[in-house]
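Heads up, the thing below is written out as structure tokens.
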Amino acid sequence: MSDSILTTHNLTIGYKTSRKTVRCVASDISVSLQAGELVCLLGPNGAGKSTLLRSLAGMQPPIAGEVRLLGENIYHLQPQELAKRLSLVLTEKVDVGMLSAYTLVTLGRYPYTDWWGNLTPQDEAIVTWAIKSVGAVHLAQRKVSELSDGERQKIMIARALAQSPIVMLLDEPTAFLDLPRRVEIMQLLRQLARETNQAILLSTHDLNLALRLADKVWLLSTNGILNVGAPEDLVLSGAFADTFESEGVEFDVASGEFHLHTSHKGEINLIGEGIASVWTIRALKRAGFKVNQSQNSLPISVEVISNSKQFLWKITKSKTVYTYHSLYEMIKFLDYL
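Residues 479 to 815 in this note's numbering are what the sequence shown lists, from first letter to last.
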């Protein structure tokens, strides 16, 4: 039995640039979202990630093809019925006035309420569950305007959860957050996908977190090609490096990280082990040096000496030894060699 919740068939997305002109962003997209999976939509700026999300959410009609939610064409569903099945969290901050966090989350029950918007005990229970699920019980009575970006994002996710959807779409939910909050939100979404059995799709520029946490990646290139697969599959196939290939930047398949192109200043032999050596290698590579740990015949060597109290770096060049107490000092010295 298929676990596909949302599917596209030969979907072509784009937008009007004038009354008679339509710009095609991507075509022939046939993909699916599975229950219980966290999927990350990645791609360079301008590739069309937001256009694809809006098309999947029913906000922007496709140029061709269709989007189906549990087998029904999403553009044939009434707005209230669509809101019961699909929720959307956008990047833009919405002005909610003096609403409390709890009140904002209750708006997620709007598709289920009567004409007067009255909440039943069941609605109240779902709202409470949604707030608890995102770890925001302590925020419930605070005004949304007083929340930090990370706290506000949790409340917006709780509101989307309160809709009891089977699909949740999020457009760059970590865009304005610092690193710890980005990790927290991404881990939260992965956990929610597992616990609620929803299909969760989010666009993000946080490539490292996506590689670590996504069950599947949708990789949209600027030429309109959408590659789909596990993060590791897309790395091994070369699709990841090809998509983000640009002047001055390259994807390191071995480390799963992006590196800047730097001018080559020479080769250095490194002596030492442990965490201090790991970060010494990073510093040397950043400065443009190729690091080798086996060629003792190289003209310059760096020895890392560490103990419980301090780190030392001994540079040997032409039998002359220089000692430094920080990587900053060592790199400055090497720059002048």
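Ideal placement from N, C-alpha and C gives every residue a C-beta, glycine not left out. Fair warning: this is a prediction, and the values are worked out from it, not measured in the lab.
Going by alpha carbons, who is nearest to residue i out of the options?
i: leucine 679; options: Thr499, Ser496, Leu520, Ser505; result: Leu520
i: phenylalanine 654; options: Leu484, Glu570, Val780, Val769; result: Glu570
i: leucine 698; options: Leu484, Val517, Glu807, Gln641; result: Val517
i: aspartate 481; options: Ala677, Ala542, Arg764, Asn747; result: Ala677
i: glycine 514; options: Ala692, Val769, Thr801, Ser755; result: Ala692
i: isoleucine 749; options: Arg760, Val727, Asn774; result: Asn774
i: alanine 850; options: Thr581, Leu738, Thr801; result: Residue 850 cannot be examined here, being either before or after the span of the chain that is shown, 479 to 815.
i: leucine 484; options: Ser496, Glu559, Glu550; result: Glu550
i: leucine 531; options: Thr682, Thr495, Lys610; result: Thr682
i: valine 545; options: His487, Pro557, Tyr493; result: His487
i: serine 741; options: Glu723, Gly734, Leu712, Asp813; result: Asp813
i: glycine 536; options: Val713, Arg563, Pro589; result: Arg563
i: leucine 534; options: His554, Phe811, Val713, Asn523; result: His554
i: leucine 666; options: Ser611, Ile703, Ala542; result: Ser611
i: proline 557; options: His803, Tyr588, Asn701, Val615; result: Tyr588
i: leucine 685; options: Val713, Leu762, Gln788; result: Val713
i: glutamine 669; options: Pro540, Gly613, Ala561, Asn770; result: Gly613
i: isoleucine 778; options: Ile753, Lys795, Val769, Asn785; result: Lys795
i: serine 510; options: Tyr806, Asn705, Thr801; result: Asn705
i: glutamate 751; options: Ser772, Tyr590, Thr598, Val572; result: Ser772
i: glycine 543; options: Gly492, Glu662, Trp593; result: Gly492
i: valine 695; options: Lys527, Val572, Ala754; result: Lys527
i: arginine 764; options: Pro651, Lys810, Val572, Asp649; result: Lys810
Starting from residue i, trace the beta strand (DSSP E) both ways and give me its first and last residue.
i: isoleucine 635; result: No beta strand (DSSP E) holds isoleucine 635; the alpha helix (DSSP H) holding it covers 627-640.
i: phenylalanine 722; result: No beta strand (DSSP E) holds phenylalanine 722; DSSP gives it neither H nor E.
i: serine 772; result: Premise fails: serine 772 is in no beta strand (DSSP E) and is neither H nor E.
i: threonine 801; result: 798-802
i: serine 715; result: Serine 715 -> not in any beta strand (DSSP E); alpha helix (DSSP H) instead, spanning 709-715.
i: alanine 692; result: Taken as a continuous stretch (DSSP letters only), alanine 692 belongs to no beta strand (DSSP E), as it is neither H nor E.
i: glutamate 624; result: Segment: none, glutamate 624 is in no beta strand (DSSP E) and carries neither H nor E.
i: histidine 487; result: 482-494
i: histidine 737; result: 735-738
i: leucine 520; result: 516-520
i: glutamine 538; result: From DSSP, glutamine 538 is part of no beta strand (DSSP E); its letter is neither H nor E.
i: lysine 795; result: 789-795
i: serine 510; result: 510-512
i: serine 565; result: 564-567
i: valine 727; result: 727-730
Please state whether DSSP places residue i in a helix, a strand or coil.
i: aspartate 592; result: coil
i: glutamate 650; result: coil
i: arginine 546; result: strand
i: glutamine 556; result: coil
i: leucine 815; result: coil
i: leucine 670; result: helix
i: serine 533; result: helix
i: lysine 743; result: coil
i: valine 572; result: coil
i: glutamine 665; result: helix
i: alanine 761; result: helix
i: arginine 501; result: strand
i: serine 779; result: strand
i: alanine 614; result: coil
i: isoleucine 809; result: helix
i: leucine 685; result: helix
i: methionine 479; result: Any answer about methionine 479 is weak, because its pLDDT of 41 lies below 50 and its placement is not dependable; what the coordinates show is given next. Three-state DSSP puts methionine 479 in coil, outside helix and strand.
i: isoleucine 753; result: helix
i: leucine 748; result: strand
i: lysine 527; result: helix
i: alanine 677; result: strand
i: leucine 704; result: strand
i: leucine 655; result: coil
Would you please state the rounded distance, in angstroms, between the beta carbons of residue i and residue j? I believe it to be under 8 Å.
i: aspartate 506; j: threonine 490; result: 7 Å
i: proline 643; j: serine 565; result: 4 Å
i: phenylalanine 767; j: lysine 743; result: 5 Å
i: threonine 798; j: valine 780; result: Contact flag wrong, Cβ pair sits at about 13 Å.
i: valine 731; j: alanine 719; result: 7 Å
i: asparagine 747; j: leucine 790; result: 17 Å between Cβ atoms; not a contact.
i: glycine 595; j: leucine 639; result: Contact flag wrong, Cβ pair sits at about 19 Å.
i: methionine 576; j: serine 623; result: 7 Å
i: leucine 689; j: proline 709; result: 5 Å
i: threonine 700; j: glycine 524; result: 6 Å
i: valine 645; j: leucine 568; result: Not a contact, Cβ separation roughly 15 Å.
i: leucine 762; j: valine 769; result: 5 Å
i: threonine 584; j: valine 605; result: 5 Å
i: alanine 603; j: isoleucine 609; result: Actually they are not in contact, since the Cβ atoms of alanine 603 and isoleucine 609 sit about 11 Å apart, beyond 8 Å.
i: isoleucine 702; j: alanine 561; result: Checking the sequence shown, residue 702 turns out to be glycine, not isoleucine. The pair is not a contact, with the Cβ atoms about 30 Å apart (cut-off 8 Å).
How far does the alpha helix (DSSP H) with residue i in it extend, from its first residue to its last?
i: tyrosine 580; result: 579-584
i: glutamate 602; result: 599-611
Is residue i close to the ligand ZN? I mean its beta-carbon at under 6 Å from any heavy atom of the ligand.
i: aspartate 730; result: Absence of the ligand ZN is noted for the structure shown, with no ligands found whatsoever.
Worksheet item: With a cut-off of 8 Å, do at least 3 Cβ pairs link the segment 655-662 to the segment 610-630?
Response: yes
Worksheet item: Does the segment 664-677 come close enough to the segment 498-505 that 3 or more CB-CB pairs lie under 8 Å?
Response: no
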